[in-house]
Each structure stands twice: as C-alpha cells, then as structure tokens.
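*Asks:* Protein chains in written order, with this note's numbering: chain A, 15 to 177; chain B, 94 to 362. Beta carbons are placed, not taken as given, at the ideal position from N, Cα and C, and that holds for glycine. Everything numeric in this text was worked out from a predicted model, so none of it was measured. Please see the structure below; I have some questions.
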Amino acid sequence: MKKILFFFLFFYILVLVENSFFVHFKFFGGVANLVLLAIILIIFFEKPKATSGIIIAAIGGFYLDLFSDFWIGTSVFLLVILGFLAKKILDLFHQRKVIHFILVFLLIFLGYSIGISVINAVVKSSFHCYLRELSLAGVIYNLILGLFCFYFTKLCFPNVLEK
Amino acid sequence: MIKYKKMDFSLHPKNIKVVFVLLLVGIIVLFGVFSKPLKDFFYLKSESFQKILWDSGTKVFGLLDPIFRAKIISQENKKLKEENIQLLQQIVLLNHLKEENKMLREALNLGMEKEFQLKIADVISEDVSRDMIVINKGAGQGIEKGMAVITQEKVLIGKIEEVYNDFSRVMLVSDPSSSFPVELEDGATGLVKGEGNYSLLLEKIPYNVDVKEGQLIITNSLGAVFPRGLLVGKVKEVKKTDISPFQKIKVSLLFNPSELKRVFIIVGY
Numbered sequence: 015m016k017k018i019l020f021f022f023l024f025f026y027i028l029v030l031v032e033n034s035f036f037v038h039f040k041f042f043g044g045v046a047n048l049v050l051l052a053i054i055l056i057i058f059f060e061k062p063k064a065t066s067g068i069i070i071a072a073i074g075g076f077y078l079d080l081f082s083d084f085w086i087g088t089s090v091f092l093l094v095i096l097g098f099l100a101k102k103i104l105d106l107f108h109q110r111k112v113i114h115f116i117l118v119f120l121l122i123f124l125g126y127s128i129g130i131s132v133i134n135a136v137v138k139s140s141f142h143c144y145l146r147e148l149s150l151a152g153v154i155y156n157l158i159l160g161l162f163c164f165y166f167t168k169l170c171f172p173n174v175l176e177k
Numbered sequence: 094m095i096k097y098k099k100m101d102f103s104l105h106p107k108n109i110k111v112v113f114v115l116l117l118v119g120i121i122v123l124f125g126v127f128s129k130p131l132k133d134f135f136y137l138k139s140e141s142f143q144k145i146l147w148d149s150g151t152k153v154f155g156l157l158d159p160i161f162r163a164k165i166i167s168q169e170n171k172k173l174k175e176e177n178i179q180l181l182q183q184i185v186l187l188n189h190l191k192e193e194n195k196m197l198r199e200a201l202n203l204g205m206e207k208e209f210q211l212k213i214a215d216v217i218s219e220d221v222s223r224d225m226i227v228i229n230k231g232a233g234q235g236i237e238k239g240m241a242v243i244t245q246e247k248v249l250i251g252k253i254e255e256v257y258n259d260f261s262r263v264m265l266v267s268d269p270s271s272s273f274p275v276e277l278e279d280g281a282t283g284l285v286k287g288e289g290n291y292s293l294l295l296e297k298i299p300y301n302v303d304v305k306e307g308q309l310i311i312t313n314s315l316g317a318v319f320p321r322g323l324l325v326g327k328v329k330e331v332k333k334t335d336i337s338p339f340q341k342i343k344v345s346l347l348f349n350p351s352e353l354k355r356v357f358i359i360v361g362y
C-alpha cells in the first residue's frame, strides 16, 4: 500500500515536471515522456514474478490521461495491456541486457503511441496522428534518455538485474 | 412450505479475473464520467507548482537556447537587421498614412474603432501529446469554447478547445485539428491548416497568385471563426507544381509556444 501511495505521488510530480518544465526542451519537435520512461524502467527492473509493475503502469496512465485531453482510462487501459505483454516477453529471456531493454522500450513506447493515435482516430473521427512520440526524433530522444536511466540504474544498483 | 435453494457466492479463480476486469472497466467508466471535475481539481491544486516549473523552464531554456543555436541566431540577427531597415522605412511611410487616416476619420465622422474585450491569462503547462497549452482561466471567469487567444502583439495563438471551471485548454493554430480562413497582405484568401509540431500550411491559394516569402498572413472574417486582422504567420516557403491548381505554402508561426507566459482571450468583439 505504501508503495502504491508513493507512486501516486511520484507520478504526480513527474507529470507536472514533464508538462511544465521538460516541455521546453524539445529535440527536433520530440518531447521527453518521463512518465512512460519511468513505467518502462520499473517494469524492466522489477523481479520477474512481481506484478506491481502493472499497477504502477496503471497509475502512470491515470496521470497521463489526467493532464492531457484523453478520456481518463485510455492510457490506463493501454499501459496495463502493454505492461502485461512486456512482462511476458521478458519472461522469455534468462538475462536482461541492454538489447532487451530496447525491445521493451520499443514495444511500450510505440505500442502506446500507436494505440493512443488509433483510439483518438476512432473517438474523434479524425485520422491525424496526434502523438509527437511517433516521430523518429521523439523515439530517438526518449530512447537516449531511457538508455541513460538504464545505465544509471545499473551503476547505482549493480545487482538489480540478477534473477 | 416453499424451500429456497442456498445461493453460492464463492468465486472460482477464473471468475476472479473476470470480476477484476469488470472492476477495472467500471473504474475507467466512472473516471470518464467525472473526467472534467477531476481534471479541474488537479489543475487547480497544481497551478502554483506548475507556474513555478513553467517559469523555471522558460528561464533555463532561455539560457541554454543561445548555446545550441548560436549559428542560427547569428544568421537570424543578420536577417533581422536587414528587416529592421526596411521596417524603419515603412514606419516613416505609415506615420504619414496615419496622419492622413486620422484626418479622413475626422472628416467622415467614423468614430473610434471597436476594441476587443480581452481577458488576461497565464500559461501553466503544455500538452505533450498535442499542440495545446493550458491557461489558468476557465468558465468561472467567463471563458467559452471557441474564443480566440492572442498575444499582446495581436498574434493569433489558437482558440479555446476545452473549458474547465478555472482552466482552459487552448488548441494552437498548428494543431492538426485546426483550420480556418485567412488572407494575405494583398487580399488573396486561403485556408490555414495546422500540421502538428508547430507547423502551418497555407492552402487553396491559386497557382497564378504571386506569393513571396516573408509575406504576412492575417485572419479574415469568413466563417466567423476569428475576428478579422489578427496576425497568423509569415510565408516561409512557396512550392508550385504543375499537377495541382493550388500552391503549397509553408507558414512560420509568429510566436514561440515555449516562451509564452501571458496570453489574452478575446471574449467579445
């Protein structure tokens, strides 16, 4: 329960920092999606049998919806499914290396971006691609940030990847 | 005597999953229904913190931006100096015309030009998923959906897309859902469409109309979307092809969304 409460507060601060501070620092139009990056990192680094990553993904999704024009529940639904899929994929590997991180990153990041665009297209009857993350610059920008966090976590917690 | 069968409320493990999914769907629908007041509540509680973050972001960006864009800034500076000379010449001409206009107005007894009724608002955040910003004025302050939002230089930023009690979401002119009629300085009319990522495209300008880079684009009253005469952008690139009867014109914005701090909402005109 304490963990859940902590993540409710953590994602709240993160989404505010993302929308009001990091939004100024764009890379060829790409914006840092800190909430999504945090979810990817948590799911990747948590113990294989742990399921709290899915609940944390739902909390992150709740804040993503809250501070955007999406219907609350859209990102929650998408991230729960993607988090579950990512965990299933991670179960297939005996080790967790950087290549596996990139795979999980691409699955969640692109899956979320495409999912949101499709939902938007259906709900708003418009086939515009809304998400900037779908741009190559956005993917590269967030991947670089993700890799930085990946190595930083490995450096600070060397045993984190041991099963 | 009637005998009732005892009901079994115990759940099979498989049913627990179904109950969990139904519960999740229920929560989502419930949040969806209360979406607006919930968003309004969170925006209200985070406003001061977001304002601090937004201002800090603008300051840090302002400090770092010249380092990364030194070469571009140098080129822009050169171009601006040239433009400045041209503008000074135009000011002289305009001052002369202003005098003439004043005299004509007095002579024709036209009276004062109708001013806009404005409301001032602070920008508190930007929606990372779309070309949208959030301002700290909403329905409680008389803001309504569709109202135009401008800068102090009367540059059109966008229009109110969603109104909460104390906040509003402004759809920038560059959002893919934005499209409205405009006119060029010489009177040619067209349609400006948002392309996302702060890009604009000017459409429906016939092939034979002479459009030059740097030409200003203003709103017109067709379609009654915005009041006439608001600055929209500047022609950046003109492309003509033999296939299309219309030109493809790229337009640059006259404001930087990351540097916006305060905006004006036109509540009446």
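Is it buried or exposed for Pro350/B, if we count other Cβ within 10 angstroms and need 16 for buried?
*Replies:* Counted from its first residue, the second sequence places residue 350/B at position 257. Pro350/B is buried by the Cβ-count criterion.
*Asks:* At the level of alpha carbons, what is the spacing between Ser89/A and Leu124/A?
*Replies:* Position 75 of the first sequence holds residue 89/A. Position 110 of the first sequence holds residue 124/A. Distance between the alpha carbons of Ser89/A and Leu124/A is about 13 Å.
*Asks:* Residues of the region 138-149 of chain B with a CB closer than 7 Å to any CB of chain A: list them in chain order, please.
*Replies:* If the cut-off is 7 Å between Cβ atoms, the region 138-149 of chain B has Ser139, Phe142, Gln143, Leu146, Trp147, Ser149 near chain A.
*Asks:* Can you tell me which residues form a DSSP beta bridge with Gly287/B?
*Replies:* The count along the second sequence starts at 1 and reaches residue 287/B at position 194. Paired residue(s): Leu293/B.
*Asks:* Unbroken beta strand (DSSP E) runs of length 3 or more, entirely within the region 253-333 of chain B: which are they?
*Replies:* The qualifying runs are 261-265, 272-277, 282-289, 292-296, 309-312, 324-332.
*Asks:* Touching or not, the region 341-350 of chain B and the region 314-333 of chain B, by the rule of three or more beta carbon pairs under 8 Å?
*Replies:* Cβ pair count under 8 Å is three or more, so yes.
*Asks:* Thinking C-alpha only, which one of Leu173/B, Pro130/B, Glu288/B, Glu278/B is nearest Trp85/A?
*Replies:* Residue numbering aside, residue 85/A sits at position 71 when the first sequence is read from its first letter. Looking at the Cα atoms, Pro130/B is the closest of the given residues.
*Asks:* Leaving aside the five residues before and after Tyr362/B along the sequence, list all residues of the same chain whose C-beta is less than 6 Å from its C-beta, in chain order.
*Replies:* Taking the first residue of the second sequence as 1, we reach residue 362/B at position 269. If we look at Tyr362/B and ignore the five residues flanking it on each side, its Cβ neighbours are Phe209, Pro320.
*Asks:* Rounded to the nearest angstrom, how far is the Cβ of Val304/B from that of Phe260/B, given a contact under 8 Å?
*Replies:* The residue you call residue 304/B lines up with position 211 of the second sequence. The residue you call residue 260/B lines up with position 167 of the second sequence. Actually they do not touch by this definition, with Cβ atoms about 39 Å apart.
*Asks:* Cβ of Phe42/A within 9 Å of Cβ of Tyr165/A?
*Replies:* Mapped onto the first sequence, residue 42/A falls at position 28. Mapped onto the first sequence, residue 165/A falls at position 151. The answer is no: Cβ separation not under 9 Å.
*Asks:* With H, G and I counted as helix, E and B as strand and the rest as coil, what does DSSP make of Phe115/A?
*Replies:* Working through the first sequence from its first residue, we reach residue 115/A at position 101. The answer is helix: DSSP assigns Phe115/A an H, G or I state.
*Asks:* I need the boundaries of the beta strand (DSSP E) containing Leu211/B, first residue and last residue.
*Replies:* Translated into positions along the second sequence, residue 211/B becomes position 118. First-last of the beta strand (DSSP E) with Leu211/B: 210-220.
*Asks:* Here's a check: name, in chain order, each residue in its chain whose Cβ is nearer than 8 Å to the Cβ of Val221/B, leaving out the five neighbours to either side.
*Replies:* Looking up residue 221/B in the second sequence gives position 128. No residues qualify anywhere along the chain.
*Asks:* I'd like to check one pair, Ile133/A with Leu121/A: are the Cβ atoms closer than 9 Å?
*Replies:* Position 107 of the first sequence holds residue 121/A. Position 119 of the first sequence holds residue 133/A. Their beta carbons are not under 9 Å apart, which means Leu121/A does not touch Ile133/A by this criterion.
*Asks:* Using DSSP with H/G/I as helix, E/B as strand and the rest coil, what is Lys61/A?
*Replies:* Here residue 61/A refers to the residue found at position 47 of the first sequence. Looking at Lys61/A - three-state DSSP - the assignment turns out to be coil, as it is neither helix nor strand.
*Asks:* Would the region 50-61 of chain A count as touching the region 157-165 of chain B if we require 3 or more Cβ pairs under 8 Å?
*Replies:* As far as the Cβ criterion goes, the region 50-61 of chain A does not touch the region 157-165 of chain B, which means the pair count is below three.
*Asks:* So, under 8 Å CB-CB, Val302/B and Thr312/B are touching, yes? Tell me the CB distance rounded to an integer number of Å.
*Replies:* As a first step, residue 302/B must be located in the second sequence, where it is residue number 209. As a first step, residue 312/B must be located in the second sequence, where it is residue number 219. Not a contact, Cβ separation roughly 18 Å.
*Asks:* Note the first and the last residue of the continuous alpha helix (DSSP H) segment covering Gly353/B.
*Replies:* The count along the second sequence starts at 1 and reaches residue 353/B at position 260. The sequence shown places Leu at residue 353/B, not Gly. Premise fails: Leu353/B is in no alpha helix (DSSP H) and is neither H nor E.
*Asks:* If you follow the beta strand (DSSP E) that Val90/A is in, where does it begin and where does it stop?
*Replies:* Indexing the first sequence from 1 puts residue 90/A at position 76. Taken as a continuous stretch (DSSP letters only), Val90/A belongs to no beta strand (DSSP E), being part of the alpha helix (DSSP H) at 88-105.
*Asks:* Going along chain A in order, which residues have a C-beta closer than 8 Å to the C-beta of Asp220/B?
*Replies:* Translated into positions along the second sequence, residue 220/B becomes position 127. What Asp220/B touches in chain A: Asn33, Phe81, Ser82, Asp83.
*Asks:* Alpha carbons only, please: which of Ile217/B, Ile243/B, Gly280/B, Leu173/B is nearest the one belonging to Tyr136/B?
*Replies:* Position 43 of the second sequence, counted from the start, is the residue given in the question as residue 136/B. Minimum Cα distance to Tyr136/B is reached at Ile217/B.
*Asks:* Below 7 Å on C-beta distance, what does Val118/A contact in chain B?
*Replies:* Start at 1 with the first residue of the first sequence, and residue 118/A comes out as number 104. Within 7 Å Cβ-Cβ: nothing; Val118/A doesn't reach chain B, min ~21 Å.
*Asks:* Within 9 Å (strictly less), CB to CB, does Ile86/A reach chain B?
*Replies:* In the first sequence, counting from the first residue as 1, residue 86/A sits at position 72. So, interface residue.
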